[in-house]
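Residue numbers (the working numbering): 44 to 266. Where a beta carbon is used, it is the ideal one built from N, C-alpha and C, also for glycine. Notes for the one structure printed next.
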Ligand code: GTB
C-alpha cells in the first residue's frame, strides 16, 4: 500500500508550509505512515489527468490503493480514522475532535481567507484600506472567541487531535498579519503545534521540495 499525495511543484509561499498539502503531510507524519509526494505544476492541475483526482483542479489529493480523495479535511479525517494518534478512542471525545476540524474549516478559516484576499488580491483597490480593517476585525472576533475557549489549556480537547492539527494550520496563515500575536494563548498554542516533531518533518519536507524546485529553475544547488 503506497500513499501518494499531490503538492505544488513550487509553492508560492517559498515553501513556508502554508499550502494545504502541509496539513496532510503533518497528519501522515503524526501517525507515522510513509507517503510519496507527486508535485504538479499550476498548468497540470487543470489538465484532465489531475481533474480525475480533484474535480476543482487543486492540491492536495490523496491516493491509496483504490481510494482517491480530495478536500484536506476529509483526507485528514480519513488518515485519523485509519491509524491511531489523531482521534481519541472515546466516542464523545472523538466527536468533539471532529467538530473542531469542521469549526476550523467552516468557521475560522473563511475570515482568515478573506484577510489574505484583502491584503494581497484587493490591495490596489481604492477601498482596500477600509475593507482590510473590516476583515481584520472579523478575524479578531473569531480569535477572541477561540482564545476564550482555549483558555490556558494546551489543546482544544484532552490531548492533541486532528482538530488541533487543522485549527493550528489555519491560524498559521495569520502569522504574517500580526493578528495572532494579539492573543498570547493562541500564539503559544500555534507554537506548541509547530514544536511537534511530526510538524517539523512535514515542514522540512515542504521546504526541501521548494528548494529543489528553485535550484532547478536557477541552476543553483539546493541548500
Ligand atoms: N477546500 C480545499 C481543501 O481544503 O483541500 C481547498 C484546496 C486549495 O485551496 N488548494 C490550493 C490550490 O490548489 C492550494 S492550498 N490552489 C490552486 C488553484 O486553485 O488553482 C491554498 C494556498 C495556496 C498558496 C498559499 N501560499 O502560497 O501561501 C497558501 C495556501
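**Item:** Check: residue 179 C-beta below 8 Å from any heavy atom of ligand 1
**Value:** no
**Message:** Output needed for residue 228: all residues of its chain with C-beta closer than 8 Å, excluding positions within five of it in sequence on either side, in chain order.
**Reply:** 190, 193, 194, 195
**Request:** List in chain order the residues whose CB is within less than 5 Å of at least one heavy atom of ligand 1.
**Result:** 55, 56, 61, 62, 63, 101, 102, 114, 115
**Distance, residue 171 Cα to residue 212 Cα** = 26 Å
**Sub-9 Å separation of residue 151 and residue 185 beta-carbons** = yes
**Message:** For residue 92, count the other beta carbons within 10 Å of its own beta carbon; 16 or more makes it buried, fewer makes it exposed. Which is it?
**Reply:** It counts as exposed.
**Prompt:** With respect to the beta strand (DSSP E) encompassing residue 111, which residues constitute its N-terminal and C-terminal limits?
**Reply:** Note, residue 111: beta strand (DSSP E), 110–113.
**Prompt:** Any chance the stretch 132–139 sits against the stretch 159–169, with 3 or more Cβ pairs inside 8 Å?
**Reply:** No: the two stretches stay apart, fewer than three of their Cβ pairs being nearer than 8 Å.
**Own chain residues within Cβ distance below 6 Å of residue 181, not counting five before or after** = 154
**Request:** Leaving out five residues on either side along the sequence, give the residues of the same chain with a beta carbon under 6 Å from the beta carbon of residue 249.
**Result:** 58, 60, 65
**Message:** Helix, strand or coil for residue 159? Go by DSSP, reduced to three states.
**Reply:** helix
**Request:** Check residue 150 in the structure and name its three-state DSSP category.
**Result:** Helix.
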